[in-house]
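Chains as they are written, first to last, in my numbering: chain A, 637 to 973; chain B, 637 to 973; chain C, 637 to 973; chain D, 637 to 973.
What follows is one structure encoded as structure tokens, with my remarks underneath.
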């Protein structure tokens with residue numbers, strides 16, 4: 637492969653622009669070669685000050701450009717499938733923001749296409765795995781230092797949700813991160829999902845029940861609960877407590893300067909995921925670029941994208957029924973083992 | 637009532653001795669007048685150094701003694717019912733260690749006897765309500781400062797369990813504290829209990845499944861989960877996180893001196909409930925004595941004892957079935973409203 | 637000695653009333669027998685609701701009353717000397733709020749009078765020794781677990797000062813606590829004091845330089861610095877960090893419920909010393925009562941009162957000169973060894 | 637300037653290799669073009685796996701190479717002066733590890749040479765300014781949000797020191813960071829230094845007095861104390877507490893996962909500065925590269941290097957005399973204002 641990744645970023649919305657600036661300013665070995673957005677003026681705005689980058693309205697055009705040897709997909713999820721198949725056909729490294737695709741069936745087709753290609757090309761944007769504390773907890777679990785992992789408690793809180801954020805999106809856009817986190821921590825697949833809706837905050841928009849309580853189980857019997865609370869007002873917070881056979885580990889706690897003023901001690905809470913996980917995004921994209929330059933994938937795979945899509949479908953059914961809904965996965969292709 | 641409480645402590649086991657020393661050394665307005673234990677040598681040992689106290693083998697004898705005007709019951713739970721009825725007949729202030737009685741039916745009979753007596757005489761030993769942080773969280777909830785309370789997360793961990801500590805005891809002796817705490821915090825009754833058993837620690841004794849995951853619901857819809865984990869090895873820990881409409885509050889976190897040594901920062905964890913809740917026990921017994929001297933009850937009532945007994949019965953059934961088991965209470969007598 | 641201490645509380649100001657309520661409600665083995673205040677209406681108000689207590693305008697009258705067998709002195713410091721000598725003549729247990737007396741010369745006379753009496757009767761109100769974390773740090777130092785203690789860092793901050801709080805009072809009323817704390821932690825006497833005045837807060841009243849930086853040295857060479865800052869606005873805070881040969885220990889850090897709201901995590905800071913050290917005052921007075929009932933002293937002695945008075949005199953001179961001022965003590969009487 | 641910095645790293649010791657790997661793997665816009673070490677085998681080892689990099693034994697040879705357009709100096713300090721003058725003559729961007737030079741006189745000559753060149757080319761490696769918490773505290777001070785800054789407390793602790801680490805090195809290699817930090821936080825120059833030596837740890841090597849207590853004053857009257865303790869055994873810790881007119885801010889506190897095991901809560905302490913400040917080094921070198929590509933300096937200047945050298949000379953004299961030693965600076969050239 638050439639010296640540097642020449643990346644086409646597809647989608648110049650909030651996440652796309654964030655990644656464009658990241659690649660342009662901080663990622664070693666990668667450059668922005670093209671920005672694609674159906675709104676060409678957005679693409680043009682996004683390449684301002686980036687020498688050698690072009691603005692395009694069509695992802696196919698970017699993928700036919702020989703100057704481009706890598707793709708970062710940051711469009712809304714429903715547009716992922718088509719771009720993924722085109723990029724797989726080009727056989728270039730792909731970093732695809734989560735979700736892989738919006739449903740398990742289409743995700744499975746992507747997995748099958750990659751399996752047919754015969755090598756892993758897709759990394760899915762579950763960036764939490766690259767957060768320093770997530771990584772340390774993952775290592776601690778695998779080390780066995782505190783015995784077996786038994787229970788996981790997750791809190792996932794947003795200050796508020798945009799208009800039109802539905803109950804299904806609570807699972808598909810928010811809890812999907814915990815589905816991946818539980819799989820990452822345990823090394824297991826998730827076998828069932830239950831969702832309980834209790835008292836509702838008056839700050840939730842009409843039609844949305846918030847917060848919700850999600851209870852998962854994995855192959856080896858680990859139980860994981862998730863408080864998903866997306867109109868929590870006070871800021872963005874993602875935290876996990878893990879109970880082991882001989883200890884308990886907490887991550888995502890308080891950080892930053894501690895201030896004492898006006899009768900209070902404490903510090904600031906990140907307003908959103910961009911601030912909270914800024915460093916994790918940098919590490920994620922650098923890991924992708926480093927691996928891509930060696931023709932490998934440096935993070936969660938298309939299989940992870942597919943498996944979490946199955947969890948999401950079970951989760952949405954569990955919301956509807958209140959019952960414990962089993963998660964059934966297709967057989968895992970050898971490519972991902 | 638006379639100037640001081642002259643207390644008969646029934647039961648000179650671990651808790652009894654703890655209370656005897658507390659009353660003898662730290663509680664203002666109360667004195668140990670008698671210690672009753674079927675093993676008279678234990679009772680005699682317990683009164684050593686306490687001028688004016690007598691040792692007896694029979695609770696009835698203590699209750700007939702005119703020098704005694706208050707009773708603290710610290711025997712095993714199965715002996716409570718009989719002593720409670722005798723003490724109610726004497727119409728003296730009673731502090732009864734939890735549980736009120738071992739099952740809902742007998743607890744209900746105690747409630748009925750007290751109702752017949754026509755005034756509250758029994759305080760039940762749910763001492764967590766007297767812990768400074770529990771009390772502060774309770775006040776914060778009632779103040780409405782952070783909006784409505786929505787979700788409660790509880791962790792209840794012991795270092796280890798004595799031989800013969802069964803699954804039922806996990807509910808009846810341990811989670812019973814969370815049943816009371818949830819009722820205390822919400823001001824609601826609990827309406828259902830579900831119990832899930834996941835991965836089991838190898839440190840649990842044969843026949844006991846540890847940890848367990850308990851999910852409660854209250855009248856107003858508050859959801860509460862409990863990690864009950866009684867062989868957690870590392871120490872004793874009781875913590876709660878409460879999610880409100882506009883904030884989140886955590887209690888039971890780290891405390892005490894913070895030490896940096898050998899590559900680590902941190903502090904000590906209490907080995908057991910005596911150390912963790914030592915101050916709460918003092919406050920509890922002082923509150924009882926203060927109220928008793930004014931012919932009132934200064935804490936959880938017989939109704940609280942009865943209602944938690946119903947929760948325990950539902951909890952044990954939920955352990956067995958895995959289903960969400962409703963909690964059904966008798967009508968609350970006017971005496972407790 | 638009789639069953640209970642029958643205490644005359646001298647001074648019904650803020651601290652006096654606090655102690656009266658403490659003894660009346662929470663201290664086992666002690667009762668308020670008399671309250672003395674030159675303003676008799678204050679004394680009368682203070683005994684309201686305390687059966688058996690009398691209000692008096694003259695301390696001598698209280699000390700002649702045979703119903704009284706103990707004295708707690710809570711008047712302004714300049715009145716202590718006379719009451720102390722009278723109470724010593726009565727040979728009753730004395731708890732004297734700090735300072736023992738306002739200067740080293742009069743303090744030394746009190747020490748000599750007690751020496752002549754031939755037994756320790758005076759306990760001085762350095763209540764920090766009874767704070768749980770202070771006590772734990774003291775034990776840790778004496779245990780040698782982390783090697784020798786080398787350096788102490790103290791922060792002593794008040795929200796604000798009353799009108800007329802002078803530079804001298806910064807030493808005599810505030811830093812005096814650190815003088816005692818350093819002596820308590822090290823077991824050494826203090827050998828020199830240096831005071832530096834840097835940038836001044838605009839919140840200090842005219843004529844007062846705040847904050848100040850105090851640097852102490854002890855017999856064994858331990859260095860201790862103190863930030864004394866009495867118009868710190870945000871609340872009351874007392875904290876210490878101790879550096880040992882193999883570790884560092886911090887006390888006085890954050891405590892209480894941790895709240896996340898409005899973009900911030902954290903908790904509340906005590907507004908004043910009464911809240912911060914409420915438990916320490918209870919422990920102090922109980923320790924005094926327990927010891928007094930056995931004809932002993934249960935805390936800091938008159939010698940401690942004298943030695944800190946010498947430190948204060950050196951501190952005030954150090955404020956004036958900026959130089960390192962030696963502290964010279966009279967020979968310690970055998971009574972205190 | 638060309639697209640990328642082509643950097644000659646001078647010195648392939650511990651810090652040099654760290655920077656080589658950093659530039660090679662993580663810094664956007666910079667590449668390792670040459671590694672210079674008098675031990676050519678070390679230079680050769682350091683370029684392994686870096687395409688396009690050459691190994692050289694002589695810094696002059698690197699600076700004559702037209703492929704090279706930037707210099708990072710990571711040799712021992714006594715070698716800096718000569719390389720700095722040569723690199724200034726080449727008029728290329730320079731990142732020079734601290735100290736600028738080992739004494740104030742030679743540092744002043746470097747300042748004069750740069751002044752003569754007429755533009756800032758030298759950035760000095762005071763990397764703490766790039767630590768996220770340092771930066772946040774700096775911003776908070778400049779914002780005036782908590783009023784004026786009044787006092788700074790610093791703790792600087794290392795696990796141990798290499799053989800031959802003298803008292804002078806305690807100032808020149810360790811406290812030099814606090815000299816810069818105090819100047820960075822206050823925006824003032826330091827006007828005096830006092831050093832006190834108290835009780836000595838038995839873990840200090842012969843001839844070294846450890847810990848030491850340093851007291852600084854700045855132009856505007858801010859007082860700053862430093863506990864420098866370089867054989868603290870337990871790990872590496874750098875922390876600061878800043879007292880303002882209306883609040884107090886602490887940085888450098890506990891971070892990372894919190895673990896509860898074996899009767900303790902807490903987390904890990906970084907073993908050394910490389911781990912503690914790893915992210916700060918990345919930010920520092922990226923800031924240097926970004927600025928250098930725009931012909932600017934992105935951090936502390938040669939003036940900062942000179943001013944701290946004067947502080948060090950005063951500090952060493954203060955160690956010797958115990959007195960408060962004034963710091964006298966040459967007039968600041970307009971180039972640095």
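Here a beta-carbon is modelled for each residue, glycine too, at the ideal position from N, C-alpha and C.
Given the structure is predicted, the values throughout are model-derived calculations rather than measurements.
Hey, does residue i have any beta-carbon neighbour from chain C nearer than 8 Å?
i: residue 640 of chain B; result: no
i: residue 899 of chain A; result: yes
i: residue 637 of chain A; result: Legend: pLDDT at residue 637 of chain A = 38, less than 50; position of this residue unreliable, value from coordinates given subsequently. No, because no Cβ of chain C sits closer than 8 Å to the Cβ of residue 637 of chain A.
i: residue 861 of chain D; result: yes
i: residue 741 of chain D; result: no
i: residue 843 of chain A; result: no
Just to confirm the assignment, what range does the alpha helix (DSSP H) spanning residue i have?
i: residue 950 of chain B; result: 938-957
i: residue 748 of chain D; result: 740-753
i: residue 921 of chain C; result: 914-928
Does residue i get closer than 8 Å to chain D when you measure Cβ to Cβ?
i: residue 780 of chain A; result: no
i: residue 873 of chain A; result: no
i: residue 655 of chain A; result: no
i: residue 774 of chain B; result: no
i: residue 855 of chain A; result: no
i: residue 834 of chain A; result: no
Answer yes or no: does any C-beta atom of chain A fall closer than 8 Å to that of residue i?
i: residue 765 of chain C; result: no
i: residue 907 of chain C; result: yes
i: residue 896 of chain C; result: yes
Closest to residue i by CA distance: which of the options is it?
i: residue 703 of chain B; options: B:688, B:960, B:905; result: B:688
i: residue 759 of chain D; options: D:780, D:798, D:769, D:723; result: D:723
i: residue 726 of chain C; options: C:734, C:695, C:906, C:954; result: C:695
i: residue 731 of chain C; options: C:682, C:806, C:924; result: C:924
i: residue 878 of chain B; options: B:818, B:932, B:720, B:911; result: B:818
i: residue 910 of chain D; options: D:965, D:815, D:655, D:928; result: D:655
i: residue 849 of chain A; options: A:958, A:662, A:692, A:675; result: A:958
i: residue 765 of chain C; options: C:881, C:802, C:914, C:845; result: C:914
i: residue 938 of chain A; options: A:740, A:711, A:649, A:671; result: A:740
i: residue 873 of chain A; options: C:864, C:861, C:865, C:898; result: C:898
i: residue 891 of chain A; options: A:755, A:880, A:903; result: A:903
i: residue 837 of chain A; options: A:945, A:847, A:779; result: A:847
So residue i is in the beta strand (DSSP E); what residue range does that whole segment cover?
i: residue 897 of chain D; result: 894-897
Do residue i and residue j have their C-beta atoms closer together than 8 Å?
i: residue 859 of chain B; j: residue 834 of chain A; result: yes
i: residue 667 of chain D; j: residue 640 of chain D; result: yes
i: residue 707 of chain A; j: residue 699 of chain A; result: yes
i: residue 935 of chain C; j: residue 926 of chain C; result: no
i: residue 693 of chain C; j: residue 795 of chain C; result: no
Could you tell me whether the Cβ of residue i comes closer than 8 Å to any Cβ of chain B?
i: residue 890 of chain D; result: yes
i: residue 930 of chain C; result: no
Subject >> Secondary structure, alpha helix (DSSP H): runs of 4+ residues fully inside the stretch 753-832 of chain C >> reply: 768-779, 812-822
**OP:** Any chance you could list the beta strand (DSSP E) runs of at least 3 consecutive residues sitting entirely within the stretch 646-722 of chain A, in chain order?
**Re:** 666-672, 690-692, 706-709
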